[in-house]
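The opening position of the sequence shown corresponds to residue 126 in the numbering used here, with each subsequent residue numbered one higher.
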Amino acid sequence: MHSLNAVLLLGDTALNCLPFPWFRVSYFILWTGFFVIFQWILHACVSIWWPYPFLDLSSIYAPIWYLLVAMMHIPSYGLFMLFVKIKHNLLTKWFPQSYSYAFIPSSSGVAESEFLILGDDLRCKQGCGGR
Numbered sequence: 126m127h128s129l130n131a132v133l134l135l136g137d138t139a140l141n142c143l144p145f146p147w148f149r150v151s152y153f154i155l156w157t158g159f160f161v162i163f164q165w166i167l168h169a170c171v172s173i174w175w176p177y178p179f180l181d182l183s184s185i186y187a188p189i190w191y192l193l194v195a196m197m198h199i200p201s202y203g204l205f206m207l208f209v210k211i212k213h214n215l216l217t218k219w220f221p222q223s224y225s226y227a228f229i230p231s232s233s234g235v236a237e238s239e240f241l242i243l244g245d246d247l248r249c250k251q252g253c254g255g256r
């Protein structure tokens with residue numbers, strides 16, 4: 126299942142032009158936290174098998190396992206962000222006239238990333254007459 130998820134995630138990332146700023150790592154952390162809390166509640170109410178044996182809280186090594194799994198997420202997020210940066214760098218080099226990355230400040234004053242696909246149809250937030 127994890128292999129299929131990795132293939133789908135990388136495929137989706139390769140085919141879209143969405144930015145991946147650091148704050149979006151929090152979504153991965155929240156999703157992992159929700160899964161763990163759901164498993165704790167489920168196993169407190171129903172006696173069933175654990176999807177991962179190291180999640181079992183009855184083990185004396187459970188805190189170490191949880192810490193190790195949390196630490197394993199950090200390089201995974203870093204590799205994903207590296208994949209995104211490599212993709213954008215390669216597309217910018219290979220297609221300089223049709224692919225561009227713009228850093229446009231938002232109305233709130235906080236700068237946010239936005240990708241522009243350039244060609245006959247220019248789409249942007251500023252300087253395009255409101256199109």
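We put the CB at the ideal spot given by N, CA and C, even for glycine.
Simplified DSSP assignment, three categories, for residue i
| i | result |
| --- | --- |
| CYS142 | coil |
| PHE148 | helix |
| SER223 | coil |
| MET126 | coil |
| ASP137 | helix |
| PRO176 | coil |
| LEU182 | coil |
| VAL171 | coil |
(request) Would you check if there are 3 or more beta carbon pairs closer than 8 Å linking the segment 165–180 to the segment 201–217? (result) no
(message) Could you check whether the segment 152–167 touches the segment 186–204, counting it as contact only if at least three pairs of C-beta atoms, one from each stretch, sit closer than 8 Å?
(response) These segments touch.
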